[in-house]
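Chains as they are written, first to last, in this note's numbering: chain A, 53 to 444; chain B, 178 to 549; chain C, 430 to 727.
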């Protein structure tokens, strides 16, 4: 594998598999992006869907547009497909402005959220549909369709109509159909949204596998952060028509650039306070009366007294009965709630200030013999590098 | 076609749409008793209907038709709901033999003495002993022409009193431009065509009847329409120049044109070759809901003054001798209405076709009309 | 429970029996009779008083003579064919007129659709006869259409439309248009809009996407609409009577003539039975289409 894959079974814990090769074209100064959004604005009447957006996407990337519904991610994708044109700015595909190119002339294909399979055509004919509209010689079409059928393991269903196959199979037909013309860019609009969770997880890996085999650039739109983190080489987190952060999944998770991203991706504790510089990269955050300040590090120290948010992932907060000696930060509180997730448990601990901090611990023991229970007084602790100081 | 014809209303009354048009006249005295009369369209003075209601207190429901065939279908289906119907002689005869009518109770018809024996003799051939029917009107079938237009097209010596006018393709070809209507009634048109050929107009021989097909087919392309009531207005308005139709209808057209003062002059002529003489007979269906009321209506119509009013209005001769003194000169003195002895000689009557011949006749008629 | 279900099944069958099978049986019986000058005008009539022998003699008098007669006179053959022709042409014309209307309705903003639907159905609020009469006024020589065409100078002399087959076509298209529009609209309306985008995305122009996706998907609606127009148009009587000329031969009119002008009930009934047989074929095809459609939607 040439890309980091994050297995993300519980919604928060991530274990990074080893990388074989580094795939980071966005860090190569000589690399030409396949897609360039240049100051693109899209308005629908008085509503601004996309505002002054600039973004580069590189060849062979699996690029995820992530955000809540209405953030503009679908509009962005439809502009790539050609169903919408930018109000301002330009979109370049291979350095060529594609504003005037209609959807049927773009080397871009889309897999629709509803799959949009033609109900009157068989699986085979659905996949051949795009090829028949291209200038591919007629004789070559069956071969290409079969190749696609094999790729998506649909061979036995070639003669069936869409209503005669399962949801997962339909999803694969849609994928095969959109890939059949070997587009430069494949757009996937919530491709797994209609599948149940188990099937979704399996399909995510299939999707990645196919992307790898075909070497096509994928742009996926999703509102499911877990899905984005799993499949994408880079994730763009969007909010109200703007991109808040574009980065690799691990950086998005570990170093969100804002409270919005931190909060949107995974579970996180957010504590508001005022920052005061201590020394070097270290700052302390005064967050509640009568509580010791939180010691944290930040590459760019903020001015003393600035309003900041301290963000820390629950899995980076340790929970113990006694105050640990070696931790930079420790607070005590009472267990309010325990969310048992099988392999791990999340403890909701109420501090004397009234703040609730979540801490995660792996369940190495059976439930009956676990260490903490409701109403227990516990200590929460973390190192000075475990959290982040966010100013926005 | 008949569907359309049945829509035709009596003159001056509002056109209504529906399968049957009912002219319901509100009775002065709101009596529960009603009489339903089914008569030909454009065939009565409405004042008479009001007079009947006022005099008798019986509510009169008056429907119209313009085809003997439609009337007969209703009679033979039974349960028509009418108390008085007015079929023509030949049709009356068939329907009597089918048992469609009841014999008249002469005791309820004190005015029966007004009947004219000359007509009684003739109608007896359809209704033996005049036991089932009373003559309403009688007339001839002939040629109605727009005198000015026909003279303009065919010259001053146009044969406007000859069957040659409508059965000679040379004439019809020219007349097509101004419009020609034929009756949509095979029992009228086939005898006329037979007469034109010099055959017996009352022939019951299918082979003889078949002779008319080429005659009618030759003039068919020049016929504007086959219709049995529209021609009155069409002639009066100058929309058509020739109609082969019923005497009184054409005379009504003449009067309407004169009233409108639109420069249209209409003339009626019974063909010199011989004209069909027909009799419209009032009869009471065997299942009439109100036979007593029906007799009251018949007796009312047998009144000399009432019958004279009717004839003066519709320009048809009637079978009521007593009414003749009360007829206006335009009616009693017009040989087109009351033919002189010489003309009477030249009139012929027909007898009903039997079922087998009837089939031949109606098929032939359908073929001619559709031009196939 | 079981009784209740039996009753529920019984109701439609009773309905069918009373409103279709019994009348049809009567018509079939009349078609096997002979004409007679009587009330009603055919023979034999069933005489129950003679008991079993009466019934036997009754049935022995029935024959297929009238059906043989229909084959002997070309009029019927011509009338059936002409009806088929008029119904077919009218159906195609109704489709050509109705499809764009249904398409425009399905593509219009959803808040406008109930209004548009209402406008399509609105003519049904007026009597069918009045509307056909209105067409007589429009199509006649002095009618609105001719006056308009003369006024704009498109024609120099009035066109003869009324009393020709043209008027019949116009009348049928006008009358049955909603029956064509509504099923097509229903098919188009439930079509997923992303299908058109998918077709364009895969290289179709807007026109080819229409032919390759919209048209095949609206096919069930087109088929349903076509049958809903074709079946009644085949037996149509009022429109050819009022708008057609004497050259317009349709089997419905022939039926009327047989019944009212010829007073030949047995032949009229035979014509009606054959018409029904002719209609059974398209009706069965229609049912098959509906069934297939339902299977597809499951």
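Backbone N, C-alpha and C define an ideal beta-carbon position, used for all residues, glycine too.
Residue of the options minimising C-alpha distance to residue i
| i | options | result |
| --- | --- | --- |
| residue 380 of chain A | A:398, A:288, A:438 | A:438 |
| residue 150 of chain A | A:253, A:92, A:337 | A:92 |
| residue 227 of chain B | B:524, B:218, B:238 | B:238 |
| residue 371 of chain A | A:282, A:409, A:90 | A:409 |
| residue 120 of chain A | A:443, A:141, A:315, A:365 | A:315 |
| residue 446 of chain B | B:365, B:288, B:264, B:425 | B:425 |
| residue 332 of chain B | B:340, B:352, B:444, B:313 | B:352 |
| residue 103 of chain A | A:234, A:280, A:347, A:293 | A:293 |
| residue 548 of chain B | B:298, B:398, B:460 | B:398 |
| residue 463 of chain B | B:374, B:281, B:387 | B:281 |
| residue 324 of chain B | B:543, B:418, B:537 | B:418 |
| residue 106 of chain A | A:224, A:218, A:128 | A:128 |
Beta-carbon separation (whole angstroms), residue i vs residue j, contact threshold 8 Å
| i | j | result |
| --- | --- | --- |
| residue 520 of chain B | residue 378 of chain B | Incorrect: roughly 16 Å between the Cβ atoms, too far for contact. |
| residue 673 of chain C | residue 592 of chain C | 7 Å |
| residue 491 of chain B | residue 429 of chain B | 6 Å |
| residue 653 of chain C | residue 607 of chain C | Contact doesn't hold; Cβ gap of about 13 Å is too wide. |
| residue 275 of chain B | residue 475 of chain C | Not really, about 19 Å apart at Cβ, beyond 8 Å. |
| residue 347 of chain A | residue 336 of chain A | 5 Å |
| residue 394 of chain B | residue 545 of chain B | 6 Å |
| residue 315 of chain B | residue 435 of chain B | Not quite, the Cβ-Cβ distance comes to about 24 Å (not below 8 Å), so this is no contact. |
| residue 299 of chain A | residue 286 of chain A | 6 Å |
| residue 273 of chain B | residue 309 of chain B | 5 Å |
| residue 269 of chain B | residue 304 of chain B | 6 Å |
| residue 101 of chain A | residue 288 of chain A | In fact, because the Cβ distance is near 15 Å, the residues do not count as touching under 8 Å. |
Residue(s) in a DSSP beta bridge with residue i
| i | result |
| --- | --- |
| residue 216 of chain B | B:241 |
| residue 462 of chain B | B:278 |
| residue 526 of chain B | Bridge partners of residue 526 of chain B: none, in fact. |
| residue 440 of chain A | A:363 |
| residue 543 of chain B | Residue 543 of chain B is not bridged to any residue. |
| residue 403 of chain B | B:359 |
| residue 262 of chain B | B:215, B:460 |
| residue 270 of chain B | Answer is none; residue 270 of chain B lacks a bridge partner. |
| residue 463 of chain C | C:472 |
Proximal chain A residues relative to residue i, where beta-carbon distance stays under 7 Å
| i | result |
| --- | --- |
| residue 645 of chain C | 172 |
| residue 642 of chain C | 170 |
Closer than 9 Å at the beta carbon, the chain C residues around residue i
| i | result |
| --- | --- |
| residue 275 of chain B | 465, 466, 467, 468, 470 |
| residue 209 of chain A | The premise fails here: residue 209 of chain A is roughly 17 Å from chain C at the closest Cβ pair, so nothing lies under 9 Å. |
| residue 218 of chain A | What residue 218 of chain A touches in chain C: nothing, since even the nearest Cβ is about 14 Å away. |
| residue 308 of chain A | Going along chain C, no residue has its Cβ under 9 Å from residue 308 of chain A, so there is no contact; the nearest lies around 34 Å. |
| residue 81 of chain A | Chain C residues near residue 81 of chain A: none, gap ~34 Å exceeds 9 Å. |
Chain-ordered neighbours of residue i on chain C, where CB pairs are closer than 7 Å
| i | result |
| --- | --- |
| residue 271 of chain B | 466 |
| residue 133 of chain A | 630 |
| residue 355 of chain A | Within 7 Å Cβ-Cβ: nothing; residue 355 of chain A doesn't reach chain C, min ~51 Å. |
| residue 166 of chain A | 621, 623 |
Proximity test, residue i beta-carbon vs the ligand FMN heavy atom, cut-off 7 Å
| i | result |
| --- | --- |
| residue 681 of chain C | This structure does not include the ligand FMN; it has no bound ligands of any sort. |
Within chain B, partners of residue i - CB distance below 8 Å
| i | result |
| --- | --- |
| residue 431 of chain C | By Cβ distance, chain B contributes nothing, its closest Cβ being about 44 Å from residue 431 of chain C, past 8 Å. |
Closer than 8 Å at the beta carbon, the chain C residues around residue i
| i | result |
| --- | --- |
| residue 162 of chain A | 626, 627, 630 |
| residue 155 of chain A | 626, 629, 630 |
CB contact check: residue i to chain E, cutoff 8 Å
| i | result |
| --- | --- |
| residue 121 of chain A | Among the protein chains of the structure shown, namely A, B and C, there is no chain E. |
Chain C contacts from the region 233-257 of chain B (Cβ-Cβ distance under 8 Å): 244, 246, 247, 249, 250, 252, 253, 254, 255
Of the residues that make up the region 453-483 of chain C, which ones have a beta carbon closer than 8 Å to any beta carbon in chain B? 464, 465, 466, 467, 468, 469, 470
Residues from the region 604-634 of chain C in contact with chain A, defined by Cβ distance under 7 Å: 621, 623, 624, 626, 627, 629, 630, 631, 632, 633, 634
Tell me which residues of the region 510-543 of chain B have at least one Cβ-Cβ distance to chain C shorter than 8 Å, keeping chain order. 532, 535, 536, 539, 540, 542, 543
In chain order, what residues of the region 681-706 of chain C put their CB closer than 9 Å to some CB of chain B? 682, 683, 685, 686, 687, 688, 689, 690, 691, 692, 693, 694, 696
Using a Cβ cut-off of 8 Å, which residues of the region 367-399 of chain A contact any Cβ in chain C, in chain order? none
Contact residues within the region 176-203 of chain A, judged by C-beta distance below 7 Å to chain C: 181, 182, 185, 186
Can you list, in chain order, the residues of the region 501-517 of chain C whose Cβ is nearer than 7 Å to any Cβ on chain B? 502, 504, 507
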